[in-house]
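The numbering of the sequence shown is this note's numbering, which starts it at 54 and goes up by one.
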Amino acid sequence: MKGKYFDSKKPEYNYAILILVEGQDDAIFLDRVLEQLEVEQNICRVIVCGGKSSVWTHLSLVIKSAHFSSTVKSLAVIVDADNNADSCRDEAIRNFEKNGLPRVLAGDTEIANGKKFSFYSFPRPKEAGSLEDLALEISPESEVLSEAQKFIELANSDGELNKLSKRTVQAYLAGASANLRPTVGWAFYDNIIPFQLDSIPEFSRFVRNVVELEWEEKQTPG
C-alpha cells in the first residue's frame, strides 16, 4: 500500500526526515497526522519495517546508508510498548547506542552531530500498550464500540486471550465498517476513528518536534 508519506513495499532513505514504524497501521495513522501538520511530502518519509525487531534492523541500515550523512536531518523511531514500557525503553536505548547514536528516552529528542534523533512508544511514553490502546481512547462512544468491548470481555472470561486492545478494535471495526478491513490503520484511513491533533496532544507535540528542521538555522553562528 502507498500513502502520502509511505510506500510499504519500497523503503527509501533519501529524505531529510525519516520515521521508522513497525507496520502499515502505524504508517497510515502517521499519514493522517503528517497531513494535518501540513508537512511537505518531499522532505519526509515513513518507513514500514515489518515488526519491532525489523525496526532496529532498518535503523542500522539507515545509519550505514550514504543518505544518512548527506540527506537525513531528523530520524525517529516509533513502536508499541506492548506489555512492558520499561523493557521497550531499554531495548531502544540499546539499539540507539549500538549504532553510535545518543540514548533517547520515549517521547524525547536528542541532537548530536547536527542531526535530531527521536523515540516514541505507543500508547504514550511510560505506558504499556499499543496504537490500538490510543485508538480506543479517542474513539467516539457508540453502541458498536460498547458491544465490542463486552464481547471481548466475555471471550476473555478465562483470561487466556492476548492483545486485548487489538482484538477489541477488530471486533469494533467488524461491526462498524462495511469495508470489512478490521485493523486500526484502516479505521483511521476510513475515518471510522476520526481525530484531530488536539485529541492526541502528546503524540502531536512529538511529531511536530520530529518534523521541525529550523533548529539547524538556530544553531548556525551569526
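Virtual Cβ for every residue (Gly too), placed ideally from N, Cα, C.
8 angstroms Cβ shell around residue i - same chain, five flanking residues per side excluded
i: E150; result: R156
i: R261; result: L90
i: V92; result: Y58, I70, V264
Supposed contact pair residue j and residue i - C-beta distance, whole angstroms, cut 8 angstroms
i: L87; j: C97; result: 6 angstroms
i: F256; j: Y173; result: 7 angstroms
i: D79; j: I131; result: 6 angstroms
i: V115; j: V125; result: 7 angstroms
i: A22; j: P178; result: The chain is shown only over 54 to 275; residue 22 falls outside these bounds and no answer can be derived.
i: I135; j: A188; result: In the sequence as displayed, the identity of residue 135 is Asp instead of Ile. So it is not a contact: roughly 15 angstroms between Cβ atoms.
i: S171; j: F259; result: 7 angstroms
Three-way DSSP call (helix, strand, coil) for residue i in this model
i: T236; result: coil
i: K63; result: coil
i: E144; result: helix
i: T110; result: helix
i: A69; result: coil
i: R98; result: strand
i: K57; result: coil
i: V74; result: strand
i: L207; result: helix
i: D139; result: helix
i: F248; result: coil
i: L158; result: coil
i: V115; result: helix
i: K271; result: Note that K271 scores a pLDDT of 47, beneath 50, so its modelled location is shaky and nothing firm can be said.
i: S192; result: coil
i: D186; result: helix
i: V92; result: coil
i: K216; result: coil
Where residue i falls, given that 16 or more other Cβ within 10 Å makes a residue buried
i: D133; result: buried
i: K63; result: exposed
i: Q249; result: exposed
i: K117; result: exposed
i: E75; result: buried
i: S199; result: exposed
i: L73; result: buried
i: G56; result: buried
i: P274; result: At P274 the pLDDT is 43, less than 50, meaning the model places this residue with poor confidence; the figure from the coordinates comes in the next sentence. Its Cβ having fewer than 16 others within 10 Å, P274 is exposed.
i: I100; result: buried
i: R147; result: exposed
i: S140; result: exposed
Span of the alpha helix (DSSP H), counted from its first residue to its last, around residue i
i: F175; result: Here F175 belongs to no alpha helix (DSSP H); instead the beta strand (DSSP E) covers 168-175.
i: A181; result: Here A181 belongs to no alpha helix (DSSP H), and DSSP marks it neither H nor E.
i: D78; result: 77-89
i: E255; result: 254-264
i: S123; result: 119-123
Boundaries of the beta strand (DSSP E) in which residue i is found, first to last residue
i: D133; result: 127-133
i: I164; result: 162-165
Beta-carbon contacts of residue i that lie in its chain and below 6 angstroms, excluding the five residues immediately before and after
i: Q272; result: Bear in mind that the predicted position of Q272 carries a pLDDT of just 46, short of 50, making it unreliable; the figure below should be weighed with that in mind. Once the five neighbours on either side are set aside, Q272 has no close Cβ partner at all.
i: D186; result: P176, S218
i: S127; result: I70, K169, V263
i: F241; result: I81, F82, R85
i: S61; result: M54, Q77, V101
C-beta neighbour in chain C for residue i, strict 8 angstroms
i: R258; result: In the structure shown, chain C does not exist; there is a single protein chain.
Sequence-distant residues of its chain with Cβ nearer than 7 angstroms to residue i (five each side left out)
i: E265; result: none
i: Q94; result: K57, Y58
i: N67; result: H120, T124
i: E65; result: R98
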